[in-house]
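Engineer: From first to last, the protein sequence lines stand for chains A and B.
85 is the number that our numbering gives to position 85 of the first sequence; each next residue is one higher, with no gaps.
65 is the number that our numbering gives to position 65 of the second sequence; each next residue is one higher, with no gaps.
Let me give you the structure first, and then I'll get to my questions.
Protein chains: 2
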Amino acid sequence: MRIFPKVFKTAMEKAQLPLSEMARVAGVSARQIRYWEKKGYITSHQAQKNQNHKFNFFSLLKVMEIKEFLDEGYTLQAAVEKQRERQNILRSVRRLINERLLGVEEVAACQEGVEINLGPLDNDETKVVVAQIKAGQPVKLILKKHQPID
Amino acid sequence: MRIFPKVFKTAMEKAQLPLSEMARVAGVSARQIRYWEKKGYITSHQAQKNQNHKFNFFSLLKVMEIKEFLDEGYTLQAAVEKQRERQNILRSVRRLINERLLGVEEVAACQEGVEINLGPLDNDETKVVVAQIKAGQPVKLILKKHQPID
DNA sequence: CTAATTTTGTCAAATTATTTGACAATAATA
DNA sequence: TATTATTGTCAAATAATTTGACAAAATTAG
């Protein structure tokens with residue numbers, strides 16, 4: 001059985017949030033979001049003048065991280081700078097999800113649970129890393145012999 | 001260096017989308033979303049009467065999958081049933097992301113790239129699976145000796 | 001320390017978006 | 001064919017957002 005968890009990827013890339021959601025989830029004020037946007041710290045999409053600003057998922061992550069640094073006592077400028085240094089971490093997590101977790105094409109489902117093929121090991125191309133997910137048990141990572149799909 | 005990609009997890013769990021976003025991303029009409037909600041196929045959160053309905057990320061995934069089955073020619077009821085059979089796959093992907101990818105506490109960042117510790121192998125607890133992410137290169141999975149954090 | 005700048009709060013009017021209920025059209029099923 | 005399920009469309013009421021403005025508070029520069 002082969003299934004594609006593509007929706008996950010598409011949803012993450014396409015979903016856009018209204019300003020109020022950004023503020024609510026991140027725990028900052030709408031005024032702050034607007035100001036940060038005006039300063040270019042975050043970007044949004046506005047189809048036409050007077051229409052709602054829409055923010056994507058990754059702008060939300062940015063705002064949440066800036067907020068964390070603000071809470072630690074940094075000024076806005078410093079918080080933005082600290083966040084920028086971490087930017088490639090968020091980008092990396094995003095790549096990992098897209099390329100390995102949601103980019104893979106092989107998901108096996110049976111009564112017992114679900115197995116998600118994360119792809120081959122770099123050191124050893126004959127083996128693949130597989131995540132085993134069963135109810136009531138922690139997610140397990142196991143190695144399996146690579147079996148090319150015919 | 002230890003960093004926590006916790007924002008990713010929080011954002012996914014807390015972010016809520018307005019009805020219009022659900023419709024736009026999934027490619028269905030607002031009327032459809034409302035009807036499906038009324039039928040109990042998807043759930044939403046409405047704080048008070050007349051206030052906006054908010055849908056979480058996983059309801060969006062549900063809608064997207066139902067839409068896919070509709071496009072394949074299934075009737076609504078059949079599409080919902082097909083989606084229900086896949087429900088545990090989405091749930092599993094969600095668990096994998098939460099427990100392994102975003103639940104882990106160890107992320108190392110340096111100039112060359114980022115390494116994300118996905119945790120120990122189930123067969124061999126002395127080794128951990130690490131994702132190596134570098135610009136311009138595909139995401140690699142490697143095995144490393146497990147080094148307990150002191 | 002003081003002045004200038006940055007950042008955020010608040011308010012009000014205009015605009016945009018959503019809800020709700022209703023009726024009708026189309027699709028699916030008995 | 002009759003019935004039910006599903007979706008389109010419309011209009012009025014309500015809710016949410018934008019925009020611009022002024023002021024307060026926090027930060028930085030002189």
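We treat Cβ as the ideally placed atom computed from N, Cα and C, and that holds for glycine.
Which residues in chain A have a C-beta closer than 7 Å to the C-beta of B/L19? List them in chain order.
Structural biologist: By Cβ distance, chain A contributes nothing, its closest Cβ being about 11 Å from B/L19, past 7 Å.
Engineer: Only counting runs of 4 or more residues, tell me where the alpha helix (DSSP H) segments fall wholly within the segment 43-117 of chain A, in order along the chain.
Structural biologist: Taking only runs of at least 4 residues, the alpha helix (DSSP H) segments lying wholly in the segment 43-117 of chain A are 57-71, 76-95.
Engineer: Establish whether the CB of B/A178 and some CB of chain A are separated by less than 8 Å.
Structural biologist: Residue 178 of chain B lies beyond the range of chain B shown here (1 to 150); nothing can be said about it.
Engineer: So, helix, strand or coil for A/V139, using DSSP?
Structural biologist: Correct three-state label for A/V139: coil.
Engineer: Only counting the same chain, and skipping five residues up and downstream in sequence, which positions put a Cβ closer than 6 Å to that of B/L102?
Structural biologist: Taken in chain order, the residues that qualify are P5, F8, K9.
Engineer: Report yes or no: do the segment 46-61 of chain A and the segment 70-80 of chain A share at least 3 C-beta pairs separated by less than 8 Å?
Structural biologist: These segments do not touch.
Engineer: Evaluate B/K145 with the Cβ neighbour count: other Cβ atoms within 10 Å of its Cβ, from every protein chain shown; 16 or more gives buried, anything less gives exposed.
Structural biologist: Its Cβ having fewer than 16 others within 10 Å, B/K145 is exposed.
Engineer: Are the C-beta atoms of B/K145 and some chain A residue less than 8 Å apart?
Structural biologist: False, the Cβ-Cβ gap to chain A never drops below 8 Å.
Engineer: Please report how far the alpha carbon of B/N123 lies from the alpha carbon of A/I142, in whole angstroms.
Structural biologist: Computed Cα separation, rounded: 6 Å.
Engineer: Let's test the definition: count the other Cβ atoms within 10 Å of the Cβ of A/A11 and tell me whether it reaches 16, buried, or not, exposed.
Structural biologist: The residue in question, A/A11, is buried, as its Cβ has 16 or more Cβ neighbours within 10 Å.
Engineer: Taking 8 Å as the threshold (beta carbon to beta carbon), is B/D71 in contact with chain A?
Structural biologist: Answer no: the Cβ-Cβ gap between B/D71 and chain A never drops below 8 Å.
Engineer: Using a Cβ cut-off of 9 Å, which residues of the segment 81-97 of chain B contact any Cβ in chain A, in chain order?
Structural biologist: Those residues of the segment 81-97 of chain B that come within reach of chain A (Cβ to Cβ, closer than 9 Å) are E85, R86, N88, I89, L90, R91, S92, V93, R94, R95, L96, I97.
Engineer: Using 8 Å as the limit for Cβ to Cβ distance, is A/G151 near chain B?
Structural biologist: What is shown of chain A runs 1 to 150, which leaves residue 151 of chain A out entirely.
Engineer: Can you check whether the C-beta of A/T10 is within less than 8 Å of a C-beta belonging to chain B?
Structural biologist: Answer yes: the Cβ-Cβ gap between A/T10 and chain B drops below 8 Å somewhere.
Engineer: Tell me whether B/K144 sits in a helix, a strand or coil according to DSSP, three-state version.
Structural biologist: Strand at B/K144.
Engineer: Does DSSP put B/A15 in a helix, in a strand, or in coil?
Structural biologist: B/A15: coil per DSSP, three-state reduction.
Engineer: Cβ of B/M1 less than 8 Å from any chain A Cβ?
Structural biologist: Summary for B/M1: the model assigns pLDDT 42, below 50, so the residue's position carries little reliability; its value from the coordinates is reported in the next sentence. No - not a single Cβ of chain A is within 8 Å of the one on B/M1.
Engineer: Is B/K82 closer than 8 Å to B/F69 when the C-beta atoms are compared?
Structural biologist: The answer is yes: Cβ separation under 8 Å.
Engineer: Can you give the Cα-Cα distance for A/E112 and A/G119, rounded to whole angstroms?
Structural biologist: Cα to Cα, the separation comes out at about 22 Å.
Engineer: Taking only three categories from DSSP, how would you classify B/V130?
Structural biologist: In this structure, B/V130 counts as strand in the three-state DSSP scheme.
Engineer: Could you tell me how far apart the beta carbons of A/V114 and A/I133 are, in whole angstroms, since I believe they sit closer than 8 Å?
Structural biologist: Indeed they touch by this definition, with Cβ atoms about 5 Å apart.
Engineer: Answer with buried or exposed for A/A15, where buried requires no fewer than 16 other C-beta atoms within 10 angstroms of its C-beta.
Structural biologist: A/A15 should be labelled buried.
Engineer: Can you tell which of B/V130, B/R84, B/A131 has the C-alpha that lies nearest to the C-alpha of B/G40?
Structural biologist: Among B/V130, B/R84, B/A131, the Cα nearest to that of B/G40 is on B/R84.
Engineer: Look at the alpha carbon of A/F55 and the alpha carbon of B/K127, and state the distance between them as a whole number of angstroms.
Structural biologist: Near 40 Å, if we compare the C-alpha coordinates of B/K127 and A/F55.
Engineer: Using only the alpha-carbon positions, how far apart do A/K67 and B/W36 sit?
Structural biologist: Going from the Cα of A/K67 to the Cα of B/W36 covers about 36 Å.
Engineer: Can you check whether the CB of A/A26 is closer than 8 Å to the CB of A/L19?
Structural biologist: Not a contact, by the Cβ cut-off of 8 Å.
Engineer: Buried or exposed: A/E72, going by 16 or more other Cβ atoms within 10 Å of its Cβ?
Structural biologist: So A/E72 ends up on the exposed side.
Engineer: Any beta carbon of chain A sitting closer than 8 Å to that of B/R100?
Structural biologist: Chain A, which has a Cβ nearer than 8 Å to the Cβ of B/R100, makes this yes.
Engineer: Give the straight-line distance between the Cα atoms of A/I33 and B/E125, rounded to the nearest whole angstrom.
Structural biologist: Computed Cα separation, rounded: 45 Å.
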